[in-house]
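Colleague:
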Ligand code: PGA
């Protein structure tokens, strides 16, 4: 059975002390609830807090991921963080291709494919984001955009590699806007992504890959979104900055 996943993308938020408080609240909260055994909870704080988060996670149920990685091997790349560094911290997951990086850092599908390769060759599972902007949705291009992002970002991988990837569908018009995709809109694209995976690999392989929804997901709408057969959880931005909300979402399956 494929994993249910709730991953919290903190983005560029929280001081060191606030980060400590949030992670410790998540740890305390996890002691009071029981998550389904098939559910993974992943916390993705900014780079400077990864070590602290990893320390907490060794005593708790959640896993830790980074928010981005360099497409290059170690070397003269000021300000970048390599996959081998993340591997040396034993981080199991890393987000790549988030729409904010595509928009503000001009990341292309080709660059994102290189980041995916870096992660997989260092035993880190990529959480690869895709999704259309509002103008593309209004022009009815969402399927073409997502097909291109998935094909160019992931379809060079072989049968085994693709099964170590998590996909996050995040319609850009829903990110941080309070506008959530309807459960029907989410299911439609998730089913489309799974179909693409089935055509490229096999139905069996497609069935093992977790596809998360992201974009203004919160405790009040998570249950309806996650109830869809192809929605395997969420990539959570704003709502993951509060431990109670994050944990409430994790219990929404
Ligand atoms: P949001 O962000 O939940 O604040 O909309 C989701 C994301 O960008 O991963």
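Residue numbers (our numbering): 20 to 272. Don't be surprised by glycine CBs; every beta carbon is placed ideally from N, CA and C.
Do residue 9 and the ligand PGA come close, with the Cβ less than 8 Å from some heavy atom?
Modeller: Missing from the structure shown is residue 9; the chain here goes from 20 to 272 and no further.
Colleague: If you run the structure through DSSP and keep just helix, strand and coil, what is residue 57?
Modeller: Three-state result, residue 57: coil.
Colleague: Residue 25 bridges to which residues according to DSSP?
Modeller: In DSSP, residue 25 forms a bridge with 60, 253.
Colleague: How should residue 52 be labelled, buried or exposed, when 16 other C-beta atoms within 10 angstroms of its C-beta is the threshold for buried?
Modeller: Classification of residue 52: exposed, given that the 10 Å Cβ count is below 16.
Colleague: Return the chain-ordered list of same chain residues with a C-beta closer than 7 Å to the C-beta of residue 272, the five sequence neighbours on each side being excluded.
Modeller: Excluding sequence neighbours, residue 272 sits near 23, 55, 58, 245.
Colleague: How long is the line joining the alpha carbons of residue 161 and residue 199, rounded to whole angstroms?
Modeller: Going from the Cα of residue 161 to the Cα of residue 199 covers about 15 Å.
Colleague: For residue 229, which residues of its own chain have a beta-carbon under 6 Å away from its beta-carbon, when the five flanking residues on both sides are left out?
Modeller: Answer for residue 229: 21, 22, 24, 185, 251, listed in chain order.
Colleague: Going by beta carbon distance, what residues of the same chain come within less than 8 Å of residue 249, once the five residues before and after it are set aside?
Modeller: Excluding positions up to five away in sequence, the list reads 206, 209, 210, 212, 213, 230.
Colleague: To the nearest angstrom, report how far apart residue 139 and residue 93 are at their CA atoms.
Modeller: Looking at the two C-alpha atoms, the distance is approximately 16 Å.
Colleague: Can you round the beta-carbon distance between residue 134 and residue 164 to whole angstroms, since I take them to be within the 8 Å contact cut?
Modeller: Actually they are not in contact, since the Cβ atoms of residue 134 and residue 164 sit about 19 Å apart, beyond 8 Å.
Colleague: Can you tell which of 179, 180, 190, 181 has its C-alpha closest to the C-alpha of residue 159?
Modeller: Residue 190 is the option with its Cα nearest to residue 159.
Colleague: Can you name, in chain order, every residue of its own chain whose Cβ lies under 7 Å from the Cβ of residue 39, other than the five neighbours on each side?
Modeller: For residue 39, where only same-chain residues beyond five positions count, the Cβ hits under 7 Å are 71.
Colleague: Decide if residue 151 is buried, meaning its Cβ has at least 16 other Cβ atoms within 10 Å, or exposed.
Modeller: It is buried - the Cβ of residue 151 has at least 16 other Cβ atoms within 10 Å.
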